[in-house]
Amino acid sequence: ECHLCNYSSQKKEDLESHMLETHGKVEYKCYSCNFVAKSPKNLQRHQLVHQRIHKCSYCEFTTRWHNSLVLHERRHTGEGMMKCDHCDYVTPDKDGLLRHQIKHKGEKPFVCGQCNKAFARKCELKQHELRHAGIKSAMCHICGDTFQQKQSLVHHIQAQHHGLKMYKCDQCPFETGYNSSLLTHRRAHHTHEKPYRCEFEGCSYASASTSQLKVHRRKHTGEKPFKCTVCNYASADNAGLRKHVRRHSSLRPYKCNMC
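Using the UniProt record's numbering, the letters of the sequence shown map in sequence onto residues 1 to 259.
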């Protein structure tokens, strides 16, 4: 799936062609070395080798990612800021600028089912639909996720995009950016508590997390929300869909170490 628009493809080469033809050559450079990545995720994965706490020279902002610090400090200094050719929008992030410029292309494929208002990005439609429901929301400027509380948005940006892992297990080296993940980890690996029980009659299933229980419930309801885009296959969980999709490609990630 393209991280700049709603295009998706099963083939890596098709996605690469789309990126080049639609968005031009986009490179993501590491500010700590000469490494250049083809996607934000690859860059973030690479930056694990440089990981440490970086502190802003101008405010209390901290991050584990040097790239995030460089982009953040540009908001203080104005250095390296990029301006949209069509409006006054400015950002230190080239990826953010490309996402913004989609608005100027005039394409609005995401339509509200209640009022027919159209949007350029799916996340904008999601935020709009929350307003119909009377729910106030704050949207992440990086990925478009929406949150009902501003503090939840701040926490999301710190944990998801800046790599901050504020919650540490007191019994092992595990650390995470989310308190809920820490609680689930403790139940699964240390206390072995399973407080979430299946409510279907005759079923004794219990789990350490609500997400595991949600997947289990689908065995009773028959719900299969994860659908293959190539054939009619559907799965109760994302892992099952990923395993199935490999049948349509030559991808075989698991190899025998004996032959």
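The C-beta atom is built at its ideal place from N, Cα and C for all residues, glycine as well.
Q: Please name the residue or residues paired with residue 236 in a DSSP beta bridge.
A: None, per the DSSP bridge assignment.
Q. With a Cβ-Cβ cutoff of 8 Å, do residue 127 and residue 139 count as a contact?
A. yes
(Q) I need the straight-line Cα distance from residue 246 to residue 239, nearest angstrom please. (A) 11 Å
(Q) Going by C-alpha to C-alpha distance, which of 74, 191 and 216 sits closest to residue 284? (A) Outside the modelled stretch of the chain, which goes from 1 to 259, sits residue 284, for which no answer is possible.
Q.
Could you tell me the alpha carbon to alpha carbon distance between residue 43 and residue 66, rounded to whole angstroms?
A. 11 Å
(Q) Please report the straight-line C-alpha distance between residue 223 and residue 77, rounded to a whole angstrom. (A) 52 Å
Q | Pair within 8 Å by beta-carbon distance, residue 147 and residue 125 | A | no
Q.
Tell me the residue span of the alpha helix (DSSP H) that contains residue 96.
A. 94-101
Q: Assuming residue 100 and residue 89 form a contact by the criterion Cβ under 8 Å, report the distance between their Cβ atoms to the nearest whole angstrom.
A: 5 Å
Q) Helix or strand or just coil, what does DSSP make of residue 70? A) helix
Q) Under a three-way DSSP split, which group does residue 251 fall into? A) Confidence at residue 251 is low in this model, with a pLDDT of 49, below 50, so its placement is unreliable and no value can be given for it.
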